[in-house]
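Numbering-wise, our numbering puts 177 at position 68 of the sequence shown, and it's gapless, one number per residue. No residue lacks a Cβ here, since even glycine has one placed at the ideal position from N, Cα and C. In this text the structure is predicted, and so the values were computed from the model without any measurement.
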Amino acid sequence: MMKLTVLGSGSSHPHPLRSSTSFWLDTEKGSILLDCSASAVHRMAQEGLPWADLDAIWISHFHLDHIGGLAPFLFGMKHAPATQERRKLLRLVGPQRFRDVIVAFDRAANYRLFEQPFPVEIVEVSANEAFAPLDGISAKAFKTLHKPESLAIRLADGERSVVYTADTGFDPKIGEFSKGADLLVVESSFVANKPVGTHLELSEAMELIKIAGPRMALLNHLFPEWDGVNGENLVREYVSPCEVLLAFDGLTIDV
Ligand SMILES: [Zn+2]
Ligand SMILES: [Zn+2]
């Protein structure tokens with residue numbers, strides 16, 4: 110049994126209701142944050158989630174709407190009373206060059222973000238490599254068409270599995286990678302006529318869902334143009350193998 114909480118359903122654009130991308134995933138083996146936008150730092154507290162006990166953070170790529178909260182969160186953890194007694198490991202997992210990116214930030218003003226009351230481990234993974242973001246949780250990454258480093262992730266907790274595409278251009282192989290997942294969290298940045306190749310629009314997200322055939326799908330990374338349409342009605346125009354939800358901040362899904 111896993112449980113996903115949507116911390117941020119939006120894009121990088123400031124929005125009154127949709128914060129930037131982040132999801133909290135509870136598993137039987139511990140908790141994992143999927144991307145850490147700047148807003149995620151406070152959204153965790155707003156949702157009453159035990160942020161001081163968070164076990165691992167997955168970073169899909171280095172765009173600031175996905176990694177911008179990581180340094181502030183480490184800074185907050187270093188000084189917050191709630192983390193001073195913590196001794197268990199915090200594992201940070203991301204693409205190749207992940208260490209360089211966060212160390213560069215750390216050095217910019219001598220924050221010493223990795224000198225915490227508890228150990229911090231940085232793990233860099235490559236596409237198609239099996240790894241364990243948490244002990245007992247198996248994962249695999251898949252290269253996406255967004256940035257040179259961007260990765261989708263598939264996580265399995267026993268029988269249950271979640272795929273999080275993060276930002277990506279259209280590639281049917283992501284559908285194959287997501288085959289049979291219990292939950293497919295897929296970006297659908299634009300409603301239609303997307304202005305860039307490095308994101309998805311609704312028809313492409315629905316195509317990936319069709320290929321993957323998950324038990325449930327969640328559309329996210331919604332740009333402000335979604336404000337002006339009836340998203341549920343648009344989704345219903347497609348034949349889908351499963352229930353397809355539009356993310357909103359605060360939505361929780363049992364997996
Ligand atoms: Zn991005
Ligand atoms: Zn993004």
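- For the pair Val234 and Val210, the CB atoms are not nearer than the 8 Å cut-off.
- Taking 7 Å as the cut-off, the C-beta of Ser131 does not count as close to any heavy atom of ligand 2.
- In this structure, DSSP gives Lys112 an extended state, which the three-state scheme calls strand.
- Within the same chain, and ignoring the five residues on either side of Thr136 in sequence, the residues whose Cβ sits closer than 6 Å to its Cβ are Met111, Ile246 and Asp266.
- Its chain contains Cys145 as the residues whose beta carbon lies nearer than 6 Å to that of Leu179, once the 5 sequence neighbours on both sides are disregarded; these appear in chain order.
- For ligand 1, residues qualifying as neighbours are His172 and Asp276, where qualification means a beta carbon closer than 5 Å to at least one of its heavy atoms (chain order).
- When the beta-carbon positions are compared, Ile262 and Ala248 come within less than 8 Å of each other.
- Between ligand 2 and Asp174, a heavy atom-to-CB distance of less than 7 Å is present.
- In the same chain as Ser128, and ignoring 5 residues on each side of it, the C-beta atoms closer than 8 Å to its own belong to Leu116, Gly117, Ser118, Gly119, Ser146, Ser148, Ala149, Arg152 and Asp358, in chain order.
- Lys197: not part of any beta strand (DSSP E); DSSP gives it neither H nor E.
- Sequence-distant Cβ neighbours of Ala250 in its own chain, meaning closer than 6 Å and more than five residues away, are Val234, Ala236, Leu260 and Ile262.
- With a 10 Å radius around the Cβ and a threshold of 16 neighbouring Cβ atoms, Pro190 comes out exposed.
- In terms of Cβ geometry, Leu317 and Val348 do not form a close pair [threshold 8 Å].
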